[in-house]
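**Q** Take a look at the following structure, please.
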Amino acid sequence: MKNILIVLLGPTGAGKTDLAVNLALRFESEIISADSRQIFREMKIGTAVPSDQQLLLIKHHFIRSISIKDYYSSSIFERDVLDLLPSLFSKNNIVIMSGGSGMYIDAVCNGIDDIPDTDMSIREKYISMYMNEGIESLRIALRLVDPEHYSKVDLKNHKRIMRALEICESTGRPYSSFLKKQKRERDFEIIKVGMKREREDLYNRINSRVDEMVHSGLEEEAASLMKYRELNALKCVGYREFFDFFDGKITREKAIELIKRNSRRYAKRQMTWWDKDKDINWFHAEQADGIISFLTAKITF
RNA sequence: GGGGAGAUACCAAAGCGGCCAACUGGGGCAGACUGUAAAUCUGCUGGCGAAUGCCUUCGUAGGUUCGAAUCCUGCUCUCCCCA
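Going by the numbering used here, the first sequence wraps up at 304, each residue one higher than the last.
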């Protein structure tokens with residue numbers, strides 16, 4: 004029997020966590036989380052990780068498994084998941100992956116080009132170049148070392164330019180020479196299922212979920228992580244707004260309001276990302292039964 | 001009752017005779033994205049249109065002017081101060 008990876012995706016607040024648990028029960032699978040923030044053990048409330056009961060009921064992977072101080076990326080995730088899958092498939096030929104980080108999901112499903120790791124000092128060099136001289140210096144530097152990529156990148160996005168520059172410098176090759184953008188073949192079948200909701204419904208759910216987070220102690224969690232605010236992991240909706248409140252820049256009410264707004268925007272960006280993916284089988288989030296029967300039919304054939 | 005200030009697009013707020021379909025901010029919408037991606041970045045935001053463009057706007061009704069969001073008059077409403 005062929006191994007199958009069921010990928011459950013959808014915007015934040017759609018209801019993936021609960022459905023994933025149901026699917027895991029139904030198909031006797033464990034769950035691979037594809038969420039770039041739930042993976043950090045220090046962030047619990049603000050990332051809406053599965054409940055303790057859910058975690059007890061079904062084995063979840065990549066939930067609170069590393070520290071905010073650790074370096075992580077979509078390509079590491081790809082490798083970690085591919086390393087883990089054989090042992091999961093040995094137990095059951097169906098595995099559930101659930102999450103909202105589009106790039107992480109793509110990394111697992113399609114693969115990412117191999118690009119050597121870069122030295123932190125090189126990265127910092129370009130960060131300071133950007134801080135001190137502005138984006139124009141980055142552009143000039145990139146045009147010199149990788150004109151091909153220069154013609155393609157978003158020249159207003161400093162992060163993109165810096166990434167290319169650090170690769171060029173650390174490898175001595177143009178960044179663009181690493182980009183094959185070729186889909187990797189996987190030795191398992193992938194079925195993507197997307198959860199959709201009406202915009203208004205989704206936004207209402209997001210809003211009230213933020214209220215619940217605050218009620219559960221998001222402010223305290225954020226306060227305890229304030230000292231790590233510069234870490235990338237903390238550049239995250241739900242935390243940075245509270246940091247601004249702690250700084251006295253905005254009121255508490257404003258912070259909560261902004262968390263809601265930024266979560267809504269995040270949800271929209273997620274949907275934009277997946278709009279291009281024609282392999283996704285979309286379902287209304289309320290049709291959990293429909294999803295289960297769709298998968299059951301698909302798997303038995 | 002008397003005196004003063006003001007009404008601008010979803011909201012806030014500039015504009016004070018032509019360069020105004022109207023600065024800017026918020027909100028909203030749309031999009032890009034192969035390396036910490038819940039990040040980072042971009043565009044649009046009166047209507048119609050692919051577009052040169054056309055049509056309807058700056059409380060309301062008139063007026064002045066070649067031309068008005070901008071000037072004048074009436075009306076309506078809001079706010080502030082004195083009674």
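Backbone N, C-alpha and C fix where the C-beta goes; we use that ideal spot for every residue, glycine too.
Taking C-beta to C-beta, are Ala-167 and Asp-149 nearer than 7 Å?
**A** Result yes, Cβ atoms of Ala-167 and Asp-149 sit closer than 7 Å.
**Q** Check whether the Cβ atoms of Ile-143 and Glu-172 sit closer than 7 Å, and answer yes or no.
**A** In this structure, Glu-172 does not lie closer than 7 Å to Ile-143 by Cβ.
**Q** Am I right that Gln-273 and Gly-114 are in contact with their C-beta atoms under 8 Å? What's the rounded C-beta distance?
**A** Actually they do not touch by this definition, with Cβ atoms about 21 Å apart.
**Q** Between the region 30 to 38 and the region 90 to 104, do at least 3 Cβ pairs fall closer than 8 Å?
**A** Yes, they touch.
**Q** Does the region 36 to 46 come within contact of the region 196 to 214, defined as at least 3 CB pairs closer than 8 Å?
**A** Taking 8 Å as the limit for Cβ pairs, the verdict is that the region 196 to 214 does not touch the region 36 to 46.
**Q** Once you ignore the five residues that flank Lys-186 on each side, which residues in its own chain have a CB closer than 6 Å to its CB?
**A** Around Lys-186: Asn-113.
**Q** Rounded to whole angstroms, what's the CA-CA distance from Asn-6 to Glu-192? Just pull it up for me.
**A** Distance between the alpha carbons of Asn-6 and Glu-192: 6 Å.
**Q** Report yes or no: do the region 260 to 274 and the region 231 to 248 share at least 3 C-beta pairs separated by less than 8 Å?
**A** In short, these stretches touch, since the Cβ pair count reaches three.
**Q** When we look at the beta-carbon of Thr-254 and count the other beta-carbons within 10 Å, is it buried (16 or more) or exposed?
**A** Thr-254 comes out exposed.
**Q** From Leu-182 to Val-84, what does the alpha carbon distance come to, in whole angstroms?
**A** The alpha-carbon atoms of Leu-182 and Val-84 are separated by roughly 22 Å.
**Q** Write down every uninterrupted run of the alpha helix (DSSP H) in the region 228 to 298 whose length is 4 residues or greater and which is fully enclosed by it, in chain order.
**A** Whole alpha helix (DSSP H) segments, 4+ residues: 243 to 249 and 255 to 278.
**Q** I'd like the list of long-range same chain contacts for Val-217, defined as Cβ closer than 7 Å, with 5 residues on each side in sequence excluded.
**A** Only Ile-259 meet the Cβ criterion.
**Q** Just list the residues that DSSP pairs Ile-48 with in beta bridges.
**A** In DSSP, Ile-48 forms no bridge with anything.
**Q** Quick one: grab the DSSP three-state call for Leu-182.
**A** Note: Leu-182 maps to coil in three-state DSSP.
**Q** Excluding the 5 residues flanking Ser-70 on each side, which residues of the same chain have their C-beta closer than 8 Å to its C-beta?
**A** The answer, listed in chain order, is Phe-43, Arg-44 and Glu-45.
**Q** Shortest alpha-carbon distance to Ser-227 belongs to which of Ile-48, Ser-76 and Thr-15?
**A** For Ser-227, the nearest C-alpha among the options comes from Ile-48.
**Q** Decide if Ala-27 is buried, meaning its Cβ has at least 16 other Cβ atoms within 10 Å, or exposed.
**A** Its Cβ being crowded by 16 or more others within 10 Å, Ala-27 is buried.
**Q** Ala-51 and Ser-77 - do their beta-carbons sit closer together than 7 Å?
**A** Going by C-beta atoms, Ser-77 is not nearer than 7 Å to Ala-51.
**Q** Just list the alpha helix (DSSP H) runs in the region 90 to 163, keeping only unbroken ones of 4 residues or longer that don't cross its boundaries, in chain order.
**A** List check, alpha helix (DSSP H) in window: 105 to 113, 123 to 136, 138 to 148 and 150 to 153.
**Q** Here's the rule: buried if 16 or more other CB atoms are within 10 angstroms of the residue's CB, otherwise exposed. What is Phe-304?
**A** Label assigned to Phe-304: exposed.
**Q** Could you pull out every residue in the same chain whose Cβ sits closer than 7 Å to the Cβ of Ile-118, ignoring the five residues on either side in sequence?
**A** Excluding positions up to five away in sequence, the list reads Ile-170 and Phe-181.
**Q** What's the call for Arg-202, buried or exposed, on a 16-neighbour Cβ count within 10 Å?
**A** Result: exposed.
**Q** Can you have a look at Ser-36 and say buried or exposed, based on whether 16 or more other CB atoms are within 10 angstroms of its CB?
**A** Label assigned to Ser-36: buried.
**Q** Would Ala-236 be called buried (16 or more neighbouring beta carbons within 10 Å of its own) or exposed?
**A** So Ala-236 counts as buried.
**Q** For the candidate residues Gly-175, Ser-90, Asp-292 and Gln-57, whose alpha-carbon lies nearest to that of Met-198?
**A** The option with the nearest alpha carbon to Met-198 is Asp-292.
**Q** Using beta-carbon positions only, say whether Ala-300 and Arg-200 come within less than 7 Å of one another.
**A** For Ala-300 and Arg-200, no; Cβs fall outside 7 Å.
**Q** For Lys-19, which of helix, strand or coil comes out of DSSP?
**A** DSSP places Lys-19 in helix when its eight states are reduced to three.
**Q** Where does Met-198 fall in DSSP's three states?
**A** In the structure shown, Met-198 sits in a strand (DSSP, three-state: E or B).
**Q** Would you kindly report the start and end of the unbroken alpha helix (DSSP H) that includes Asp-55?
**A** 55 to 60 is the span of the alpha helix (DSSP H), which, as asked, contains Asp-55.
**Q** List the endpoints of the continuous beta strand (DSSP E) containing Ile-69.
**A** It is not in any beta strand (DSSP E) - Ile-69 carries neither H nor E in the DSSP assignment.
**Q** Among Asp-157, Leu-8, Asn-135 and Asp-55, which one has its Cα closest to the Cα of Leu-88?
**A** Of the listed residues, the one whose Cα sits closest to Leu-88 is Leu-8.
**Q** Just to confirm, is the Cβ distance from Ile-108 to Leu-12 under 7 Å?
**A** It is a contact, given that the beta carbons lie within the stated cut-off.
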